[in-house]
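A.B. asks: Those protein sequences? They're chains P and U, same order as listed. So for the first sequence, the numbering used here puts the first residue at 26; every next one is plus one. So for the second sequence, the numbering used here puts the first residue at 706; every next one is plus one. Glycine included, C-beta positions come from ideal geometry on N, C-alpha and C.
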Amino acid sequence: MKKIFNLLLITFIFLQFIFVTPNLAIAAPACSLTTIPTTITPNDKSIDITIGTPGLVSNEDYSILFWNSRGEKILVYDYSRQAKLFKADASGSIALKNFGNSGGLNNSVQDNFKTGTYRLRITDTNQNADYCDASFTVGGACQIIITSKRTNDTDLVIKVENLKANPDDAKQVVIKRKPENNDVYIHDQKVQLLTSGLTVGKLVAGDYTIEIKNIAFLNNFGNDQQCQGQFTIFTPGTEPPTEDNNITIPPFTPTPEAFLNPVCDKDGSNTCSTALGPISTDPAGFVKSAFGILLSLAGGIALVLIMISGYRLMVSQGNPEKVQAAREQLTSAIVGLLFIIFSITILQVIGVNILNLPGFTK
Amino acid sequence: MKDLVLTIPGVNNSPMPIPNPAGVQAYSISDLLSFGVNAAIVFAILLSLFFLISGGFDLITASGEKQRIQNSKQKLTFAVIGLIVVLLSLLIVSIIGELFGVKLFNTP
Numbered sequence: 026m027k028k029i030f031n032l033l034l035i036t037f038i039f040l041q042f043i044f045v046t047p048n049l050a051i052a053a054p055a056c057s058l059t060t061i062p063t064t065i066t067p068n069d070k071s072i073d074i075t076i077g078t079p080g081l082v083s084n085e086d087y088s089i090l091f092w093n094s095r096g097e098k099i100l101v102y103d104y105s106r107q108a109k110l111f112k113a114d115a116s117g118s119i120a121l122k123n124f125g126n127s128g129g130l131n132n133s134v135q136d137n138f139k140t141g142t143y144r145l146r147i148t149d150t151n152q153n154a155d156y157c158d159a160s161f162t163v164g165g166a167c168q169i170i171i172t173s174k175r176t177n178d179t180d181l182v183i184k185v186e187n188l189k190a191n192p193d194d195a196k197q198v199v200i201k202r203k204p205e206n207n208d209v210y211i212h213d214q215k216v217q218l219l220t221s222g223l224t225v226g227k228l229v230a231g232d233y234t235i236e237i238k239n240i241a242f243l244n245n246f247g248n249d250q251q252c253q254g255q256f257t258i259f260t261p262g263t264e265p266p267t268e269d270n271n272i273t274i275p276p277f278t279p280t281p282e283a284f285l286n287p288v289c290d291k292d293g294s295n296t297c298s299t300a301l302g303p304i305s306t307d308p309a310g311f312v313k314s315a316f317g318i319l320l321s322l323a324g325g326i327a328l329v330l331i332m333i334s335g336y337r338l339m340v341s342q343g344n345p346e347k348v349q350a351a352r353e354q355l356t357s358a359i360v361g362l363l364f365i366i367f368s369i370t371i372l373q374v375i376g377v378n379i380l381n382l383p384g385f386t387k
Numbered sequence: 706m707k708d709l710v711l712t713i714p715g716v717n718n719s720p721m722p723i724p725n726p727a728g729v730q731a732y733s734i735s736d737l738l739s740f741g742v743n744a745a746i747v748f749a750i751l752l753s754l755f756f757l758i759s760g761g762f763d764l765i766t767a768s769g770e771k772q773r774i775q776n777s778k779q780k781l782t783f784a785v786i787g788l789i790v791v792l793l794s795l796l797i798v799s800i801i802g803e804l805f806g807v808k809l810f811n812t813p
């Protein structure tokens, strides 16, 4: 009797966990967004943004959340390092002046915008309700021109145009061979050398990708491409006939990524990938995922308990008390597992069919 | 909006990868658990072998005494039963899962 009571108690605690769903991110409508300049390049340190949606009330305070191209949240601080609040104007839009990649508003050293997709969201001052989402992309400004014959018997010479940087600054040149993505050339070179023509050397025939990056430094770790593209090196005689030996890799525009929640919805599938498997972020799906995880855990625990009871049977050496205890453990493990499996059905019968609790439906 | 996920920031919010320890091929909790389950089954076989040998030894040295023969026989029986329970544990749990149509092991 006591055993059954304990089992019921555990089942109900378990059900409590299932039906407490947290306040999870749901896709908000799109904001209107205009930027100055209209096309943002990595040469820009700060930009002016006007962001809005018809629902905003004039002169009310709002918070703005900002994510960078790697999906990391950057807080928009004011001078006192508090989350900054913004007032909407009469037309229901918010103006951000001198908005920088580091999120600070012209009050600290700002990094240039790295290429990729950036995302903004207007929320209330407690960051609980979302009003709208907007995103903008930052593409490369420079173009790469390969001036030598693209064959493996001549030295490869690359020239970078429209690289707006101090001639004495250095950029990293990375050439990788496809498909293994092995680095064949990775060096820091001065901007003046890149704009006048850099001799890279002979490359074996194959497909390559080239990137001009900011130097990997504490402040700009990661994917900070200025320009990028692909080219092919041929063995002499097999190259396609062209009048021009130069190949021009134009400035690139990253494809805008549609992401809802930067950490969890990178692919827009409404799931968070965790160590316990994908977890859905909409309430019904979350209950399903949580139930799935708890069922798996229950299955694993039952498995371990049955194994332990097997061990206990083995070492009992026929001692009736020990055999009895091990047997009880075995049956309890199986009965407990059955209770967990049937918990949903039990709840449905009690909550929906018998008590007609409000909020519970099939 | 509150994020459910904790990010570990590195330098200037860049992501910090956490590599596996050298020689460990586990990529998820289920990988680790299945390693433990396999180890437990192997250990159970060895343990049951030990009890079979010790039970047989008891049977030899019982020299016809009824009580000791009884005890060693029981020792042998439960060594085998225990091994069967351990070996069947995976099957029992998966049969229960199959019977009621739920996935108890979320292995792909």
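Three-state secondary structure (DSSP) at T179(P)?
C.D. replies: coil
A.B. asks: Per DSSP, what kind of secondary structure is K778(U) in: helix, strand or coil?
C.D. replies: helix
A.B. asks: Are the CB atoms of K112(P) and D86(P) within a distance shorter than 9 Å?
C.D. replies: yes
A.B. asks: Please list, in chain order, all residues of the same chain as T234(P) whose beta carbon is under 6 Å from its beta carbon, the five residues on each side excluded.
C.D. replies: K201 and Q255.
A.B. asks: Report the option in V229(P), T148(P), T370(P) and T220(P) whose CA atom is closest to the CA atom of T179(P).
C.D. replies: V229(P)
A.B. asks: Just to confirm before moving on: does the CB-CB distance between C252(P) and G165(P) stay below 9 Å?
C.D. replies: yes
A.B. asks: Which residue marks the beginning of the beta strand (DSSP E) containing S314(P), and which one marks its end?
C.D. replies: Note, S314(P): premise wrong, no beta strand (DSSP E); alpha helix (DSSP H) at P308 to V340.
A.B. asks: Would you identify the three-state DSSP class for D763(U), choosing helix, strand or coil?
C.D. replies: helix
A.B. asks: Hey, how far is the Cα of K203(P) from the Cα of N177(P)?
C.D. replies: 16 Å
A.B. asks: Listing by chain order, which chain U residues have their CB less than 7 Å from the CB of A350(P)?
C.D. replies: The contacting residues do not exist; A350(P) stays about 13 Å from chain U at best.
A.B. asks: Chain P beta carbons: is any one of them nearer than 9 Å to that of K771(U)?
C.D. replies: no
A.B. asks: Does the distance from the CB of S777(U) to the CB of L764(U) come in under 9 Å?
C.D. replies: yes
A.B. asks: The alpha helix (DSSP H) with G361(P) in it runs from where to where?
C.D. replies: Its alpha helix (DSSP H) spans residues P345 to L372.
A.B. asks: In chain U, which residues lie less than 7 Å from G325(P) when you measure between Cβ atoms?
C.D. replies: Neighbours of G325(P) in chain U, taken as residues at a C-beta separation under 7 Å, are given in chain order as L738.
A.B. asks: Using a Cβ-Cβ cut-off of 7 Å (strictly less than) and excluding sequence neighbours within five positions of V82(P), which residues of its own chain qualify?
C.D. replies: The residues are A113.
A.B. asks: Looking only at DSSP bridge pairs, what is T60(P) linked to?
C.D. replies: I74(P)
A.B. asks: Under the three-state reduction of DSSP, which class applies to L121(P): helix, strand or coil?
C.D. replies: strand
A.B. asks: Closer than 8 Å is the cut-off here; do at least three beta carbon pairs connect the stretch 330 to 348 of chain P with the stretch 366 to 374 of chain P?
C.D. replies: no
A.B. asks: Would you call the CB atoms of I237(P) and V163(P) closer than 9 Å?
C.D. replies: no
A.B. asks: Do F805(U) and L322(P) count as a contact pair if the criterion is CB distance below 9 Å?
C.D. replies: no
A.B. asks: Where does the unbroken alpha helix (DSSP H) through L218(P) begin, and where does it stop?
C.D. replies: V216 to S221
A.B. asks: If we define contact as Cβ-Cβ less than 9 Å, is I786(U) a contact residue for chain P?
C.D. replies: Contact of I786(U) with chain P is assigned, a C-beta pair being separated by under 9 Å.
A.B. asks: Compare the C-beta of T766(U) against all C-beta atoms of chain P and say whether one is closer than 9 Å.
C.D. replies: no
A.B. asks: Looking only at its chain, what residues have a beta carbon closer than 8 Å to the beta carbon of I211(P), apart from the 5 residues adjacent to it on each side?
C.D. replies: Close CB contacts of I211(P) within its chain, under the 8 Å cut and outside five residues either way in sequence, are with Q197, V198, V199 and I200 (chain order).
A.B. asks: Identify whether V209(P) lies in helix, strand or coil by the three-state DSSP scheme.
C.D. replies: strand
A.B. asks: Leaving out five residues on either side along the sequence, give the residues of the same chain with a beta carbon under 7 Å from the beta carbon of A767(U).
C.D. replies: A distance below 7 Å between beta-carbons, with the five flanking residues on each side excluded, links A767(U) to the following residues of its chain, in chain order: R773, I774 and S777.
A.B. asks: Which residue's Cα is closest to the Cα of I183(P): T220(P), I333(P), N206(P) and L121(P)?
C.D. replies: T220(P)
A.B. asks: Indicate whether the contact test is met: 3 or more Cβ pairs, each with one atom in the stretch 304 to 312 of chain P and one in the stretch 736 to 756 of chain U, closer than 8 Å.
C.D. replies: no
A.B. asks: Our contact map puts G325(P) next to L738(U) with C-beta atoms below 8 Å; I'd like the distance itself, whole angstroms only.
C.D. replies: Contact flag correct, Cβ pair sits at about 6 Å.
A.B. asks: Give a yes or no on whether 9 Å exceeds the smallest Cβ distance from V747(U) to chain P.
C.D. replies: no
A.B. asks: Using the C-alpha atoms, what's the distance from C157(P) back to I800(U)?
C.D. replies: Pairing I800(U) with C157(P), the inter-Cα distance amounts to about 49 Å.
A.B. asks: Could you tell me whether any non-hydrogen atom of the ligand GTP is closer than 8 Å to the CB of A159(P)?
C.D. replies: In the structure shown, the ligand GTP is absent, as is every other ligand, since no ligand is present at all.
A.B. asks: Identify the continuous beta strand (DSSP E) that holds F805(U) and give its terminal residues.
C.D. replies: First-last for F805(U): undefined, no H or E at that position.
A.B. asks: What is the C-beta distance between Q217(P) and P192(P), in whole angstroms, given that I count them as a contact (C-beta under 8 Å)?
C.D. replies: 4 Å
A.B. asks: What does DSSP give as the partner residue(s) for R202(P) in the beta ladder?
C.D. replies: N207(P) and Y233(P)
A.B. asks: At 9 Å on the CB atoms, spell out the chain P contacts of I801(U), in chain order.
C.D. replies: G324, A327, I359, L362, L363 and I366, listed in chain order.
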